[in-house]
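Data block below; observations after.
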Amino acid sequence: MTLSAATLRDLPATLHTPGYDRRAHAPGVVHLGLGAFHRAHQAMVFDQLLASGDTRWGIHGVGMTRPDLVNQLRAQDGLYAVRVADGLGVKWQVPGALWRMNVAATERDAVVQAIAAPSTRWVTLTVTEKGYTPSLAQLLLDGLRLRQQAGLPGITIASCDNLQGNGHKLLALVKAAIQAKDTTPQDAEVLRWLDAHCAFPCSMVDRIVPAATPEVMAAAHEALGVQDHCALSTEGFWEWVIEDRLADPADAALLQSAGVRVTADVHSYEEAKLRMLNGSHSAMALMGAVTGRPFIASCIGEPHIRSFVHRLMGREVAPHLSRSDWADYRDALIARFGNPYLKHSVHQIATDSSQKIPQRWPPSVLGQIAQGASFEHHALAAAVFVRYTLGVDEQGHAYTLNDPQAGSLMAMGAAQGTEPAACVQALLAREDLWGSALPGHAAWTARVTHWHQQVLQHGVDAAIQQLLQEEA
Ligand code: CS2
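Just so we're aligned, residue 593 is where the sequence shown starts under the working numbering, counting upward by one.
If you want it as structure tokens, here you go:
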């Protein structure tokens, strides 16, 4: 037996399950980028709102390319279990907010129609850093244009990806799609309508949701008594901070009632999260990949890596943050990274490093440079990234670089055994990775080159130990 609407009532009574009618209403939210994260984060916020009796938060979930998850979720009527587990305890829950599903690549028209549906009030997005393409903008635009032509109300379009100023980026992308060709009077009308009636708030979302493992599926089976091919595991912690710029201003109080922070100041939360959490994640992921440690918890469990991450955040990231409670945030992060229930694969986080590093590291390095302060931790992290492009760990096991830039990164990194300094220079020269200010910076290049030599000669662990001693 498998989890579905029919088997929902057979689940153990201790499990939190949807008590509301999942068929009576049309979805009010279209989510683009249906994956693990959305299902264990926003979908659980919307589940709370639905449970409170507000029927407008059902989700039409859209997988962008691959059909497998959508097919599995369809077979389970959009139901899946979430294990929420950390030092405070373990509990299972079945959120019920996911009502419809499509795949954008093969069912584009259904997605456009969903965005244009009268019941739709929100579009949320987690399409990853590399998903902000003209074709995404065109998809949104086609749906929004239909709304405007039909005289429907505007909607809130909330980017929830790990990009600084994600709402601004998305709005600019959609406007660029309108202006890409000679604009007609109708285009000008859409632009006016977008500005007047739609909102593109920036938002910061946070919850660690690893790709599910067979162990999670087995635990789900045991907890539910039925199979669940879409089960997930996450931590208790979650945060959603969204800019107070919503198409329907009344949504602010509703979201707040479900624990979302609605504020004018998303920026300070975004920058802290990207540089502290995601910046540390990328550093540990690359260290784990090269040293052969499989999970984030196995990295932070090593005292030298834990000290490295603690200092990276406290010494090189925090001085440039506007979030004043950064010390508590840092300590909470270290505890979250160590959560033994989250088997968060280092290779999953190292995926798309070329798209992630630009948001995560350069702002802190530039901040340190501007203050004449040390950026050694970031330089070592960058050196490990160069080492990572070799595609083989310190035990000699090969791994795949899962990255849109994999080909060019591996080609540039290939000669690091024979021409290490030239390889470092070539990789540090790339503005797509480091922005426009860091490439060519002599001291930065010198320090990354130094740490890269240490990594090649003595290994990542010894290099970290050396850094900890030198910068005690
Ligand atoms: C991670 C994020 O995979 C990654 O790049 O850093 O998915 C991280 O787990 C989330 O942003 C946490 O909120």
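Each residue gets a CB set at the ideal place from its N, CA and C atoms; glycine is no exception.
Asked                                                                                                                                                                      : Found
Quick check: what's the CA-CA separation for residue 643 versus residue 980?                                                                                               : 46 Å
Sort out for me which residues DSSP pairs residue 1024 with in a bridge.                                                                                                   : According to DSSP, residue 1024 bridges with nothing at all.
Roughly how many whole angstroms lie between the Cα atoms of residue 704 and residue 802?                                                                                  : 29 Å
Starting from the N-terminal side, write out each stretch of the alpha helix (DSSP H) that is 4 residues or longer and does not extend beyond the stretch 594-664.         : 628-632 and 634-643
How would you call residue 1037, buried or exposed, if buried means at least 16 neighbouring beta carbons within 10 angstroms?                                             : buried
So what does DSSP say about residue 669, is it helix, strand or coil?                                                                                                      : coil
Could you check which residue in 796, 869, 596 and 707 has the C-alpha nearest to that of residue 738?                                                                     : 707
With a threshold of 8 Å on Cβ separation, who are the neighbours of residue 772 within its own chain once the five nearest residues in sequence on each side are excluded? : 726
What's the call for residue 872, buried or exposed, on a 16-neighbour Cβ count within 10 Å?                                                                                : buried
Would you kindly check if the distance between the Cβ of residue 945 and the Cβ of residue 977 is under 8 Å?                                                               : yes
Flag residue 948 as yes when its Cβ comes closer than 7 Å to any non-hydrogen atom of the ligand CS2, and as no otherwise.                                                 : yes
Flag this pair as yes or no: are the beta carbons of residue 1067 and residue 808 separated by less than 8 Å?                                                              : Given that the chain is displayed from residue 593 to residue 1064, the structure contains no residue 1067 and the question cannot be resolved.
Does the Cβ-Cβ distance between residue 645 and residue 690 come in under 8 Å?                                                                                             : no
Among the candidates 607, 693, 786 and 601, whose CA atom is the shortest distance from the CA of residue 815?                                                             : 607
Alpha carbon to alpha carbon, what distance is there between residue 869 and residue 925?                                                                                  : 7 Å
How many angstroms separate the CA atom of residue 762 from the CA atom of residue 640?                                                                                    : 27 Å
Where residue 637 and residue 1048 are concerned, what is the direct C-alpha to C-alpha distance, given to the nearest angstrom?                                           : 46 Å
Anyone know if the C-beta pair for residue 655 and residue 714 falls short of 8 Å?                                                                                         : no
For the alpha helix (DSSP H) containing residue 767, name the first residue and the last one.                                                                              : 758-771
Around the Cβ of residue 1044, are there at least 16 other Cβ atoms within 10 angstroms (buried) or fewer (exposed)?                                                       : buried
Are residue 1060 and residue 821 touching if we call contact CB-CB under 8 Å?                                                                                              : no
The beta strand (DSSP E) spanning residue 795 covers which residue range?                                                                                                  : 795-798
Does the distance from the CB of residue 884 to the CB of residue 985 come in under 8 Å?                                                                                   : yes
With DSSP as the reference, identify every bridge partner of residue 692, one or two as the case may be.                                                                   : 652
Could you give the first and the last residue of the continuous beta strand (DSSP E) run that contains residue 751?                                                        : 748-751
DSSP has residue 730 in a bridge; who is on the other side?                                                                                                                : DSSP, once it has assigned bridges, lists no residue as partnering residue 730.
Around the Cβ of residue 687, are there at least 16 other Cβ atoms within 10 angstroms (buried) or fewer (exposed)?                                                        : buried
Straight-line CA distance for residue 875 to residue 1019?                                                                                                                 : 16 Å
Among 597, 927 and 628, which has the Cα closest to the Cα of residue 613?                                                                                                 : 597
On the three-state DSSP scale, how would you describe residue 957?                                                                                                         : helix
Threshold first: 3 residues or longer. Then list the beta strand (DSSP E) segments lying entirely within the stretch 799-887, N to C.                                      : 824-826, 831-835 and 853-855
Any heavy atom of the ligand CS2 within a distance shorter than 7 Å of the CB on residue 630?                                                                              : no
On the premise that residue 915 lies in contact with residue 827, defined as a C-beta separation below 8 Å, what is that separation, rounded to the nearest angstrom?      : Contact flag wrong, Cβ pair sits at about 20 Å.
Taking its Cβ as the centre, do 16 or more other Cβ atoms sit within 10 Å of residue 994, making it buried, or is it exposed?                                              : exposed
Check whether the stretch 785-793 and the stretch 738-757 touch, using three or more Cβ-Cβ pairs below 8 Å as the test.                                                    : yes
Spatial neighbours of residue 957 within its chain, please: CB distance less than 7 Å, with the 5 preceding and 5 following residues excluded, ordered by chain position.  : 967, 970, 1030 and 1036
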